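Following: one structure in structure tokens, then a few remarks.
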Amino acid sequence: MANALTIVIVEQDKERALGIVDSLHETGDHKIHVLAEESGLSRSVAQLNPDVVLIDVTNPSRDTIEQLTTASSPMDRPVAFFVDRSDAQMTKTAIEAGVSAYVVDGLQMDRIKPVLDAAIARFQLFHRMRTELETTKRALEERKLIDRAKGMLMKVRGISEDEAYALLRKSAMDQGKKVADVAEALVTAAELLS
Amino acid sequence: MSLKIVKAGYMPLIDAAPLIVAHELGFAEEEGLQLELQAAPSWSTLRDLLAFGQIHAAHMLSPVPVASALGLLAGLPRLNAMMVTSANGNVFGLSGAMTKRLEDQGFAFDFKDAIAAGEAVAALPRPLRIGMPFVLSMHAELVSLWLSSFGMVAGKDFLIQAVPPPLMAAAIENNELDAFCVGEPWGSMTVERAAGSLVLPMAAIWSCAPEKVLAAREDWISGNPAVAGSLMRAVLRACVWLSDPGNLTMTAEMLSPDKYLGLSSEIADRALAGRFMINSAGDIRRHNDFLMFEGDGICFPWRSQGRWIAERLIERFGISDAYSAKDAERVFRSDLYRENLLPVGAELPLASSKVEGSLAVPTEVPTVSGTMILGRNRFFNDKIYDPGQ
Chain L
1 MANALTIVIV
11 EQDKERALGI
21 VDSLHETGDH
31 KIHVLAEESG
41 LSRSVAQLNP
51 DVVLIDVTNP
61 SRDTIEQLTT
71 ASSPMDRPVA
81 FFVDRSDAQM
91 TKTAIEAGVS
101 AYVVDGLQMD
111 RIKPVLDAAI
121 ARFQLFHRMR
131 TELETTKRAL
141 EERKLIDRAK
151 GMLMKVRGIS
161 EDEAYALLRK
171 SAMDQGKKVA
181 DVAEALVTAA
191 ELLS
Chain Z
1001 MSLKIVKAGY
1011 MPLIDAAPLI
1021 VAHELGFAEE
1031 EGLQLELQAA
1041 PSWSTLRDLL
1051 AFGQIHAAHM
1061 LSPVPVASAL
1071 GLLAGLPRLN
1081 AMMVTSANGN
1091 VFGLSGAMTK
1101 RLEDQGFAFD
1111 FKDAIAAGEA
1121 VAALPRPLRI
1131 GMPFVLSMHA
1141 ELVSLWLSSF
1151 GMVAGKDFLI
1161 QAVPPPLMAA
1171 AIENNELDAF
1181 CVGEPWGSMT
1191 VERAAGSLVL
1201 PMAAIWSCAP
1211 EKVLAAREDW
1221 ISGNPAVAGS
1231 LMRAVLRACV
1241 WLSDPGNLTM
1251 TAEMLSPDKY
1261 LGLSSEIADR
1271 ALAGRFMINS
1281 AGDIRRHNDF
1291 LMFEGDGICF
1301 PWRSQGRWIA
1311 ERLIERFGIS
1321 DAYSAKDAER
1331 VFRSDLYREN
1341 LLPVGAELPL
1351 ASSKVEGSLA
1361 VPTEVPTVSG
1371 TMILGRNRFF
1381 NDKIYDPGQ
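Going line by line, the protein sequences match chains L and Z.
So the first sequence is numbered by the working numbering: it starts at 1 and just counts up by one.
So the second sequence is numbered by the working numbering: it starts at 1001 and just counts up by one.
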């Protein structure tokens, strides 16, 4: 296929890498390589001679990839890459989504765009999933704390579960805090005193 | 009065201290700023966050703004160095295998003599693969300058490879590198983990090299002159505070928590004090001017420093005639420094450019209001750099 590109994905997490590969395949019959090893990264990338390299913006090895975009001496040419920032808006969107894309100089934007769009969408999805996971985790922890605080109040003051919760809520409102924060303070204090 | 929010990024390194101290000790707040600090995972990402406006200012490698004026940052906007925030701070070291070769030749490992070290390193097998954090860095400029003066050609006799400092020890153990140049604590930590040795502090190549700068986009500075001025004053106060040896222990404690560097305070303390473990046997060497934050004109962004960096970059990358060192030096904003720091009594030299490498001892020079002392300024080969007009 004329539109096929050679794409390198630098990603340690296997699941994530597979997700990216899947979404890129939907945009064409590309030749895709996943590099998970940090060691020998610049050599491996140079050998594959890709058209596009995708790497998570939070990956410290970005600086290693970045090196391939500059010549090592005036006599040399960059190994293969050039950071194509011809479309600044696209680059900005990509970075906000959490992916940086290195594209070989001179490639037509219409060949690259579907690939970058797919990568950006995938990284936005990762970002959303991570946020959701963190929110769920926090909610679970808060629930556990509130349950423990309720239990302590029920035992010490001999009140019902509903009354215990109402007490926590009132205390939180009076202090301008979250119920979970009051519960945490109570649990910590109880641990210190016991 | 509500505070102006300024988002500033940094790499979690010892020399990020000026921004961290400006926030922690309330210097920023006293200037009417709420400094929101954000650590970056790599220099490329920090540069992009700044270039695309997600942060307003950053702790940055001094060659990066100069590179932006020489077309080396393809398509990114022009960045400025508002002031220098630290001088020196890097070390050059060798892998275990290369250390062994030098030991067998009876090399002294005095951690001082750049000529003896250069001759010894030039006699090692070529090409010498040298790891450093980023291609556009004082690390790369000084290593290139030093080794090329011993007849080694970049790209042929020595290869510069960008490796994130935390991965440096692993790269040496995997035999991907023969040498490395990094800031502390990574030099000592690399030696500890990979059984190599430290050969020289980079201050032995240039005794007061501008290492990190406070950088911002040129258009952000011109659009927000008052905020930029407040930020510079807050950071200068932090640099002055950091230059007092009595504050060293407190600085180490301040940098140590996970939200900043995530290092034990002993290691941070050792790096701040310029004490190194030069080999895995635990030998310690000291270097007094290892890392400096202020005093002796360090924070002043000299045009001649910008010009020196620009000329080095032009030589290293073979940059086209469309760009000139004379234009690029202007990203070192001595004009802005004068304008914003005069009211707080900073020492302002009469000249904005100086001959680099010409001071064997600290020397008095005229300022706008009297005199000031400039620190020792020497290159390893006693060459003098005159930026001209």
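Backbone N, C-alpha and C define an ideal beta-carbon position, used for all residues, glycine too.
None of these values were measured; they are calculated from a predicted model.
(request) Within the same chain, show all residues whose beta-carbon is closer than 8 angstroms to that of M1232/Z, passing over the 5 residues directly before and after it, in chain order. (result) M1082, M1083, L1214, L1336, Y1337, N1340 and L1341
(message) Residues in the same chain with beta-carbon distance under 8 angstroms from P78/L, minus the five sequence neighbours each way, listed in chain order, please.
(response) Its pLDDT being 48, under 50, P78/L is placed unreliably by the model, and nothing is read from it.
(message) Below 7 angstroms on C-beta distance, what does G40/L contact in chain Z?
(response) E1176
(message) Could you check whether the Cβ of P1063/Z sits closer than 8 angstroms to any Cβ belonging to chain L?
(response) no
(message) Counting only beta-carbon separations shorter than 8 angstroms, does I224/L have a partner in chain Z?
(response) Residue numbering for chain L in the displayed model covers 1 to 194; residue 224/L lies beyond these limits and cannot be assessed.
(request) With 8 angstroms as the C-beta to C-beta threshold (strictly closer), list the residues of the region 1031-1044 of chain Z near chain L in chain order. (result) P1041, S1042, W1043 and S1044
(request) Using a threshold of 8 angstroms, state whether the C-beta atoms of I1045/Z and V99/L are closer than that. (result) Going by the sequence as given, residue 1045/Z is Thr instead of Ile. No, they are not a contact pair.
(message) Does L1282/Z pass the burial test, meaning 16 or more other C-beta atoms within 10 Å, or should it be called exposed?
(response) It should be noted that the sequence gives Gly, not Leu, for residue 1282/Z. Classification of G1282/Z: exposed, given that the 10 Å Cβ count is below 16.
(request) Tell me, please, whether the CB atom of V57/L is closer than 8 angstroms to any CB atom in chain Z? (result) yes
(request) Look at the alpha carbon of L1025/Z and the alpha carbon of R1101/Z, and state the distance between them as a whole number of angstroms. (result) 48 angstroms
(request) Give the straight-line distance between the Cα atoms of M1/L and I7/L, rounded to the nearest whole angstrom. (result) Caution is warranted here: a pLDDT of 46 is assigned to M1/L, below 50, making its placement in the model unreliable, and no coordinate value can be reported.
(message) Quick check on the DSSP output: the alpha helix (DSSP H) that includes V1235/Z runs from which residue to which?
(response) P1225 to L1242
(message) At a CB distance below 8 angstroms, what residues from the region 89-121 of chain L approach chain Z? Give them in sequence order.
(response) T91, K92, I95, E96 and S100
(message) Strictly by DSSP, which residues pair up with D56/L?
(response) V99/L
(message) Let me check understanding here. Comparing Cα to Cα, which of F1027/Z, P1012/Z, N1090/Z and V1021/Z lies closest to L1003/Z?
(response) F1027/Z
(message) I'd like to know if the region 31-39 of chain L and the region 1006-1025 of chain Z are in contact, where contact means that at least 3 CB-CB pairs between them fall below 8 angstroms.
(response) no
(request) Alpha carbon to alpha carbon, how far is P1077/Z from L1200/Z? Give it in angstroms, no decimals. (result) 36 angstroms
(request) Per DSSP, which residues does L1033/Z bridge with? Please list them. (result) K1004/Z
(message) In the DSSP assignment, the alpha helix (DSSP H) including F1293/Z goes from what residue to what residue?
(response) No alpha helix (DSSP H) holds F1293/Z; DSSP gives it neither H nor E.
(request) Consult DSSP for V79/L and reduce its assignment to one of helix, strand or coil. (result) Unreliable placement is indicated for V79/L, whose pLDDT of 48 sits below 50; the coordinate value is still reported in the next sentence. If DSSP states are grouped into helix, strand and coil, V79/L belongs with coil.
(message) Is it buried or exposed, A1108/Z, if we count other Cβ atoms within 10 angstroms and call 16 or more buried?
(response) exposed
(message) Quick check: the Cα distance between M1202/Z and T27/L, rounded to an integer number of angstroms?
(response) 49 angstroms
(message) Just to check my reading of the structure: A943/Z and V1135/Z have Cβ atoms closer than 8 angstroms, yes? What is that Cβ distance to the nearest angstrom?
(response) Any answer about residue 943/Z is impossible in this case: the structure gives chain Z only from 1001 up to 1389.
(message) Please list, in chain order, the chain Z residues whose beta carbon lies closer than 7 angstroms to that of D63/L.
(response) S1042, W1043, S1044, P1133, F1134, A1162 and P1164
(request) Would you tell me roughly how many angstroms separate the C-alpha atoms of A1228/Z and R1333/Z, rounded to the nearest one? (result) 12 angstroms
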